[in-house]
Structures are given as structure tokens and as C-alpha cells.
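K.L.:
Structural data, given as C-alpha cells:
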């Protein structure tokens with residue numbers, strides 16, 4: 172009965188978005204008001220992130236059952252959003268009734284769509300893992316049309332959309348699906364039969380791909396650091412975020428203060444992880460300035476209680492650090508652009524493996540028969556790739572096909588200290604931008 176009443180309240184009070192280009196000199200201001208429910212903040216941030224908008228500042232408030240977000244946003248060139256069609260699209264997306272959006276899937280199912288079959292993988296990371304997965308899919312006459320692969324702390328997760336080589340559509344034969352699942356699970360287990368491995372075949376579109384990757388790695392407990400593991404060497408070189416957790420006794424909140432190097436989708440990654448951990452953000456402030464990000468969140472667990480133990484406090488810090496590190500792109504960035512064909516990804520990953528490189532993260536996409544793939548690679552020890560290896564790879568794959576975009580800095584300077592009082596004061600003094 173309570174659920175029906177909540178649905179009625181949401182229908183009578185649909186989300187409302189106001190987009191203003193006059194309120195701020197250097198950014199477009201977006202304000203969203205709606206009835207609050209768990210996950211509303213994540214859905215709003217997800218819409219803005221998927222539109223490739225950069226959030227430079229934001230305030231969050233959801234006390235009293237009503238949710239209000241105010242964000243300053245710019246495009247990737249740092250300009251206001253002026254295109255009327257884009258503004259209308261943002262407004263319609265934000266005002267879409269969130270209650271009609273399917274919830275984050277928890278169950279395991281085999282539900283291929285008409286276009287492609289979605290495969291989710293989790294397991295222990297190791298050099299050549301993606302190459303082995305792609306080789307098996309090629310042998311089974313499957314074509315990877317798009318995918319994203321993350322690695323963190325000796326764990327790996329991937330979401331791949333594949334099609335049948337013969338039909339160009341989803342794989343529907345249950346026996347063939349069973350064979351794919353069996354062979355890929357064997358690869359994920361490696362030589363250790365006790366190693367945890369998981370594969371899910373599911374319907375694409377049920378939930379957001381980045382959300383699934385966060386959930387897969389969170390469920391795989393990638394936030395538990397393995398001391399002495401070579402897989403963690405690169406990540407340990409990166410300046411870790413500074414996360415402080417304190418009590419706010421007056422309002423019975425837990426306050427999380429986070430500062431780190433800014434990057435695209437940082438806010439989404441943090442909010443996604445807090446949501447997956449079943450925390451509700453009641454108030455918050457985010458700000459990005461001079462490539463540094465500052466974020467404050469006043470939270471409680473969904474049971475209404477703040478963080479109550481040191482163990483829970485430590486776990487929240489570890490999980491937020493992991494959320495930030497999963498998407499960090501360290502190492503050499505390689506871009507492949509060419510005509511798509513079955514086995515292309517298998518060939519490329521084989522060349523990288525045979526030249527002693529490990530794929531730390533990858534983004535695979537196909538559009539109009541063209542493949543555009545991006546790989547972030549290091550050597551097996553987590554060190555930068557030497558020039559001789561780069562030349563060999565480019566020669567073997569083809570200089571017109573593979574392009575070296577940049578060799579990302581593995582040791583950025585740590586951000587300068589700021590005081591908690593300054594951040595908290597800014598939050599308490601203002602709720603509008």
C-alpha cells in the first residue's frame with residue numbers, strides 16, 4: 172500500500188528541470204526538483220554525464236522528502252550550453268518519470284535482445300586475459316561490437332555486446348549460449364579452480380553500462396587491497412584521493428569530505444558507489460577548480476542511521492578510493508580505427524599480449540562498419556611502455572590503423588592541502604549558485 176501511495180505522489184509531482192543561461196556568467200545552471208527516492212541523485216548525475224556535460228559546481232539537498240539539485244555545467248570546450256535542441260533534450264531527459272525506469276538489476280538472467288547479446292564478466296586480472304576472451308569469442312563465431320573493460324587491484328570486469336557472425340544479430344540458441352558461458356568461465360578461473368569467476372548473459376539496456384561495471388567490481392570486492400601485488404603498482408603511484416569522514420551530531424549525519432585530482436565522470440563514480448552501498452545523500456556540495464575536485468556529502472544509510480563504527484568508516488573510504496581509481500587511465504593510450512570484422516579485437520589484443528603488454532582499461536565501439544577501440548596499456552609490471560615496443564606494435568598492426576595518443580603521466584603531483592572548515596563553510600553559507 173505504501174508503494175502505491177509513493178507512486179501516486181510521484182505521478183502528481185513529476186520532476187521539474189529549469190535550465191538557465193543568465194544566472195551565471197561562465198556556466199549554464201540546471202536546477203532539478205522532484206519527489207525524493209533512493210537513486211534520484213544518481214539518475215540526475217547520470218543524465219548529465221551521458222550528455223558529456225562537465226559539472227563545475229553543484230549543491231544537493233533532499234531533506235523532507237523533496238529533492239533539489241543545482242548544477243553549474245559547461246560543455247567539453249568550457250562553454251555554456253546554447254543549442255536549443257540540446258537544452259530541450261536535457262530537460263526532457265531530466266523530467267522523465269524516474270519511477271518508470273527499470274531498477275538496477277540484481278538477478279542473473281539469459282535475455283538476449285534482437286540486436287546483440289550482452290556478456291558481463293568478472294574475475295582475477297592477469298596479462299593476456301582479454302586476448303584469451305576475444306580468441307574464444309572469435310572461435311565461437313561471435314563478433315564484439317562494443318565493450319568496456321576495467322581492471323583494478325588484481326580484479327577485472329567487462330561488459331561486452333556481441334553478435335552472431337552469421338546473422339549479425341543476437342545469439343539465440345540456448346546450447347550455444349551455454350557453450351559460450353562454460354568456455355569463458357574456464358578462462359576466468361585460469362589455473363586455479365578455487366578462483367572466483369562469474370559470467371552473466373543479459374539483456375542490454377536494462378541498466379547503465381558504467382553502473383554495471385561499478386557494481387560488478389564492488390560485488391567482486393576490488394576495494395580490498397592486496398599488498399605486494401604487481402597489479403596494484405601503477406595505482407599506488409597515482410596520488411590517492413584524500414577522504415575524511417566525520418560525524419555531524421547535530422543532524423545525525425555522517426559527513427564525507429573528498430578531494431582529488433578532477434577528471435570526467437568523477438561525480439558519477441562517487442554517487443554511483445554511495446548508492447550501491449545503500450547510502451542516501453541528504454546534502455552535498457561539489458566543486459571543480461584548477462583540475463582539483465572538492466566534494467562534501469552529508470549521508471545516512473537507507474536504514475536512517477549514520478556510520479556507527481570504525482570498520483564501516485574504513486570500508487567507505489576503501490570503496491570510494493576504488494570508485495575513483497577504477498576509471499583512472501594510466502599508461503600508454505592506443506587508438507585503433509579501421510574497418511570492423513570478426514576477429515579484429517582478437518588479433519589486436521593478441522599482438523599486445525605477444526609484445527608483453529597488459530591492458531589496464533579498454534573501450535571498444537563499432538559504428539557504421541567502422542571500429543574505434545581505445546586501449547590503456549603498461550608492461551606486465553605496471554611500468555610505462557618503451558619506445559621500441561611501441562614501434563614494433565605500430566608496425567605489426569599498421570601505422571594507419573593504430574595511433575599512439577599519449578603516454579599518460581603515472582606520477583602526478585599531489586594536490587595542495589585545503590581546510591575542511593573552508594569547504595564546510597561554503598556549503599553551509601549557500602544553497603544556490
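Numbering (this note's numbering), first residue to last: 172 to 604. A virtual CB, placed ideally from N, CA and C, is assigned to each residue, including glycine.
For a minimum of 4 consecutive residues, which ranges assigned as the alpha helix (DSSP H) are wholly contained in the segment 476-531?
P.N.:
List check, alpha helix (DSSP H) in window: 481-496, 515-525.
K.L.:
Quick check on this structure: which residue in 360, 203, 572, 440 has the alpha carbon closest to the alpha carbon of residue 265?
P.N.:
It is 203.
K.L.:
Taking 8 Å as the threshold (C-beta atoms), are residue 337 and residue 329 in contact?
P.N.:
No, Cβ-Cβ distance for residue 329 and residue 337 is not below 8 Å.
K.L.:
Have a look at the DSSP bridge pairing and note the partners of residue 237.
P.N.:
In the DSSP output, where bridge partners are listed per residue, residue 237 has 206.
K.L.:
With DSSP collapsed to three states, give me the class of residue 246.
P.N.:
Three-state result, residue 246: coil.
K.L.:
How would you call residue 321, buried or exposed, if buried means at least 16 neighbouring beta carbons within 10 angstroms?
P.N.:
Looking at its Cβ environment, which holds 16 or more other Cβ atoms inside 10 Å, residue 321 is buried.
K.L.:
How many angstroms separate the CA atom of residue 225 from the CA atom of residue 349?
P.N.:
Those two C-alpha atoms are separated by around 42 Å.
K.L.:
Report yes if the CB atom of residue 470 is closer than 8 Å to the CB atom of residue 453, and no otherwise.
P.N.:
Yes; because the gap between Cβ atoms is below 8 Å, this pair is in contact.
K.L.:
Rounding to the nearest angstrom, what Cα-Cα distance links residue 481 and residue 219 in this structure?
P.N.:
Cα-Cα distance, rounded: 34 Å.
K.L.:
Grab the span of the beta strand (DSSP E) containing residue 467 for me, first residue to last.
P.N.:
Segment 463-472, the beta strand (DSSP E) holding residue 467.
K.L.:
Give every residue of the same chain whose Cβ lies closer than 7 Å to the Cβ of residue 375, excluding the five residues on either side of it in the sequence, and list them in chain order.
P.N.:
The predicted model places residue 375 with a pLDDT of 49, which falls under 50 and marks its position as unreliable, so this point remains unresolved.
K.L.:
Determine, using beta carbons only, whether residue 322 comes closer than 8 Å to chain B.
P.N.:
No chain B is part of this structure, which consists of one protein chain only.
K.L.:
Pick helix, strand or coil for residue 322, following the three-state DSSP scheme.
P.N.:
Strand.
K.L.:
Just how far apart, CA to CA, sit residue 189 and residue 540?
P.N.:
Roughly 39 Å separates the two Cα atoms.
K.L.:
Less than 8 Å separating the beta-carbons of residue 444 and residue 491?
P.N.:
In contact: residue 444 and residue 491 (Cβ atoms closer than 8 Å).
K.L.:
Between residue 457 and residue 229, which are expected to be in contact by the criterion C-beta below 8 Å, what is the C-beta distance as a whole number of angstroms?
P.N.:
That pair is a contact at about 4 Å.
K.L.:
Using 8 Å for Cβ pairs, my map puts residue 232 next to residue 239. What's the rounded Cβ distance?
P.N.:
Contact holds; Cβ gap of about 5 Å.
K.L.:
What is the DSSP secondary structure of residue 611, reduced to helix, strand or coil?
P.N.:
Lying outside 172 to 604, the shown extent of the chain, residue 611 is not represented and no answer is given.
K.L.:
Do the segment 497-514 and the segment 524-544 make contact, defined as three or more Cβ pairs closer than 8 Å?
P.N.:
Yes: the two stretches touch, three or more of their Cβ pairs being nearer than 8 Å.
K.L.:
Quick one: using the 10 Å Cβ neighbour count with 16 as the cut-off for buried, is residue 525 buried or exposed?
P.N.:
With fewer than 16 Cβ atoms within 10 Å of its Cβ, residue 525 is classed as exposed.
K.L.:
Taking the beta carbon of residue 498 as the centre, do at least 16 other beta carbons fall within 10 Å, making it buried, or is it exposed?
P.N.:
It counts as buried.
K.L.:
How long is the line joining the alpha carbons of residue 557 and residue 315, rounded to whole angstroms?
P.N.:
If I take the Cα positions, the gap works out to 29 Å.
K.L.:
Could you check which residue in 216, 439, 547 has the C-alpha nearest to that of residue 519?
P.N.:
Minimum Cα distance to residue 519 is reached at 547.
K.L.:
For residue 394, which of helix, strand or coil comes out of DSSP?
P.N.:
Three-state DSSP puts residue 394 in coil, outside helix and strand.
K.L.:
Can residue 227 and residue 517 be called in contact, C-beta distance under 8 Å?
P.N.:
Going by C-beta atoms, residue 227 is not nearer than 8 Å to residue 517.
K.L.:
Residue 475: which of 535, 209, 205, 252 sits nearest, CA to CA?
P.N.:
Here the closest residue by C-alpha is 209.
K.L.:
Classify residue 371 as helix, strand or coil using the three-state DSSP reduction.
P.N.:
Strand, per DSSP.
K.L.:
What separation, rounded to the nearest whole angstrom, lies between the Cα atoms of residue 247 and residue 388?
P.N.:
Their backbone Cα atoms lie some 28 Å apart in a straight line.
K.L.:
Given a cut-off of 8 Å, decide if residue 245 and residue 198 are closer than it, judged by their beta-carbon atoms.
P.N.:
Against a cut-off of 8 Å, the Cβ pair of residue 245 and residue 198 comes out as a contact.
K.L.:
Taking only the alpha-carbon atoms, compute the straight-line gap between residue 352 and residue 478 and give it to the nearest angstrom.
P.N.:
Distance between the alpha carbons of residue 352 and residue 478 is about 40 Å.
K.L.:
Name the two residues that bound the continuous beta strand (DSSP E) containing residue 360.
P.N.:
Premise fails: residue 360 lies in the alpha helix (DSSP H), 345-360, not in any beta strand (DSSP E).
K.L.:
Which whole-angstrom value is the C-beta distance of residue 215 and residue 236, which I expect to be below 8 Å?
P.N.:
Their Cβ separation, rounded to whole angstroms, is 16 Å, which puts residue 215 and residue 236 out of contact at 8 Å.
K.L.:
From this set, 379, 393, 346, 341, which residue's C-alpha is nearest residue 294's C-alpha?
P.N.:
Minimum Cα distance to residue 294 is reached at 393.
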